[in-house]
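Below is one structure, written out as structure tokens; comments come after it.
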Amino acid sequence: MRLRFVLSQVGQGLSRNLAMTVSVALVTFVSLTFVGAAALLQMQIGNLKNDWYDKVEVSAFMCPESSAQPNCAAGEASQEQIDAVGELLKSDALAPYVDRVYFETKEQAFEAFQEQMADTVWAQSLTVDQMQVSYRVKLVDPEQYRIVADELEGRPGVEIVVDQREQLEPLFNILNSATLLSLGLAAVMIFTAVLLITTTIRLSAMSRRRETGIMRLVGASNLFIQLPFMLEGAVAALVGAVLAVGGLWLSVTYLIQDWLAGTTPWVQFVGTGDVLTLAPFLVLAAILLAGISSVVSLGRYTRV
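Position 68 of the sequence shown, counting from 1, maps to 68 under UniProt numbering, and the rest follow consecutively.
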């Protein structure tokens, strides 16, 4: 009987303040969409780092016949210098950081260049002698790339050290900035949602002040009086959460899996499973929004 009464009060409150209820649902939807987008973006960054950082190599290019680099003023790297770099990479000092070392001769570099630049003017203009001997180093922990790079840079006969991770960092910085932007927008929208839910509950409580007064006089508890108002805010927020999950699911399905994944098949993108993993947290966030708003507003407006 009490449950039926509470539910009837919730229904009346939602119908009386329909415009505000819809507003709360929409603002919650937008807020949690930004939160979900930021979380999915961080998942995507994690996927990219796992895929790409595992393949990151540090490459040491030895001095060619002619180079403007100060370290190559003496000309092409000698065999002794090439061997010295190889011994360094296989030394006990770098053993904890180096997984494997690949040595590439001029002939191998020329063959790879011809395959990559086939049918271009560059493929016709370069010769084997113009190519460089190089070492490619696969790291045990890509996060420790700087240790290996520092050891190689400035060594006699080493023209340049190329770290693939440094080439990836700008991309990850952009993605992290996008995450921060999404979180900033989400914070603004969540604050707006709290204000709207609070206002909706207050309006509902004020419109039923006479009923709550009677309930207080007949001995109803605070929880019984406040529960319908709390549930009104929770229902509106939960509708927003469901809309946010649905919007994210559709976006991931059609924009990422059906379109973006087809254009870049070598990248592991987030999927609908990630959205479903995120869904309970978004629903919980909606409940917390409604709960915080209820605590802020109900103490005063259900007092008689």
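Every residue gets a Cβ at the ideal spot worked out from N, C-alpha and C, and that includes glycine. None of the values given here were measured: they were computed from a predicted structure.
Arg136 carries a strand assignment under DSSP once its states are collapsed to helix, strand and coil. Taking Gln81 as the centre and dropping the five residues before and after it, the same chain places the C-beta of Pro156 and Gly157 closer than 6 Å to its C-beta, in chain order. Distances from the alpha-carbon of Glu232 to those of Gly240, Ile201, Thr253 and Leu260 put Ile201 closest.
A straight line joining the alpha-carbon of Leu260 with that of Lys138 spans about 30 Å. In this structure Leu282 is buried. Its beta-carbon is surrounded by 16 or more other beta-carbon atoms within 10 angstroms.
When secondary structure is reduced to three states using DSSP, Met131 falls in the coil class, being assigned neither helix nor strand. Per DSSP, Phe103 is one residue of the beta strand (DSSP E) stretching across Val98 to Glu104. A contact between stretches requires three or more CB pairs, one per stretch, nearer than 8 Å, and the stretch 23 to 36 meets this requirement with the stretch 182 to 197. A straight-line Cα-Cα distance of about 12 Å links Arg165 and Asn173. Within the stretch 9 to 76, the alpha helix (DSSP H) runs of at least 4 residues that lie entirely inside it are, in chain order, 18 to 53. About 7 Å separates the Cβ atoms of Leu152 and Val85, confirming a contact at the 8 Å cut-off. Under DSSP, Ile160 forms a beta bridge with Phe61.
Straight through space, the alpha carbons of Leu175 and Ala77 are spaced by roughly 40 Å. By the CB criterion at 8 Å, Val267 and Val252 fall outside the cutoff. Put simply, the backbone Cα of Gln130 is about 54 Å away from that of Leu276. In this structure, the beta-carbon distance from Val24 to Ala244 does not fall below 8 Å. The beta carbon of Val128 is closer than 7 Å to those of Lys106, Glu107 and Phe110 in its chain, skipping five residues each way along the sequence.
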